[in-house]
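A.B. asks:
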Amino acid sequence: VGVSALTAFFAFGMTMSGLAAISLAFPGSVLEPMWRLNPHGRDGLAALGLPGVVLMAAVSMACLGAAAGLWLGRRWGRGLAMAILVINAVGDLLNGVLGNDRRALIGVPIAAALLYYLRSARVRAFFDAGERDDS
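Encoded structure:
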């Protein structure tokens, strides 16, 4: 159940970051209202220009990979999910500590809890069993 929930979490991340990439590529489109939730984030990404679009597209593809790998029970999917969570936690910590957005700090314990779950013996055993079944 937990791995399925994480799969949905990364699928949601794929969708939202993909929509963000499209919105940045086509400013003023019907997707523009989604930035009301985080206008500061939009401003920062828009200032990057094309690299901002590419960054959000890369995040979307990474989330797609994590969702697929988790869903298929692959070790690489678990590893990719953990890498994304670590990168996200570091970004949230930096944003919070540097004063860019103190609200980002809430992401640090959430990422830590998800990493703890993914590193648990039960979850590791689930992914190890999936790899053996496919050999």
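Letter 99 of the sequence shown, counting from 1, is numbered 99 in the numbering used here, and no numbers are missing.
Where is the CB? At the ideal position from N, CA and C, for every residue including glycine.
Taking three-plus beta-carbon pairs below 8 Å as touching, is the region 60 to 80 in contact with the region 7 to 19?
C.D. replies: The answer is yes - the region 7 to 19 touches the region 60 to 80, with three or more Cβ pairs under 8 Å.
A.B. asks: Report buried or exposed for Phe-26, applying the criterion of at least 16 other Cβ atoms within 10 angstroms of its Cβ.
C.D. replies: Walking along the sequence shown from the start, residue 26 turns up at place 26. Exposed, by the Cβ-count rule.
A.B. asks: Decide if Val-59 is buried, meaning its Cβ has at least 16 other Cβ atoms within 10 Å, or exposed.
C.D. replies: Sequence index remark: in the sequence shown, residue 59 carries index 59 (1-based). With 16 or more Cβ atoms within 10 Å of its Cβ, Val-59 is classed as buried.
A.B. asks: For the alpha helix (DSSP H) that Trp-35 lies in, which residues bound it at each end?
C.D. replies: One-based indexing of the sequence shown puts residue 35 at position 35. Note, Trp-35: premise wrong, no alpha helix (DSSP H); not H, not E.
A.B. asks: Counting only runs of 4+ residues fully inside the region 33 to 92, write out the alpha helix (DSSP H) ranges in chain order.
C.D. replies: You should have 39 to 48, 50 to 71.
A.B. asks: Whose CA, out of Ala-104, Leu-72, Leu-115, Leu-93, lies closest to the CA of Ala-129?
C.D. replies: For the purposes of this step, residue 129 is taken as residue 129 along the sequence shown, with counting starting at 1. Of the candidates Ala-104, Leu-72, Leu-115, Leu-93, the one whose C-alpha sits nearest the C-alpha of Ala-129 is Leu-72.
A.B. asks: Tell me whether Gly-99 sits in a helix, a strand or coil according to DSSP, three-state version.
C.D. replies: Indexing the sequence shown from 1 puts residue 99 at position 99. Coil, per DSSP.
A.B. asks: To the nearest angstrom, how far is the alpha carbon of Leu-80 from that of Gly-28?
C.D. replies: What you label residue 80 is simply residue 80 of the sequence shown in a count that begins at 1. What you label residue 28 is simply residue 28 of the sequence shown in a count that begins at 1. Approximately 33 Å, taken between the alpha carbons.
A.B. asks: Can you find the residues in the same chain that come closer than 7 Å, C-beta to C-beta, to Ala-67, ignoring five residues on each side of it along the sequence?
C.D. replies: Locating residue 67 in the sequence shown gives position 67, counting from the first residue. Cβ within range, chain order: Thr-7, Phe-10, Ala-11, Met-14.
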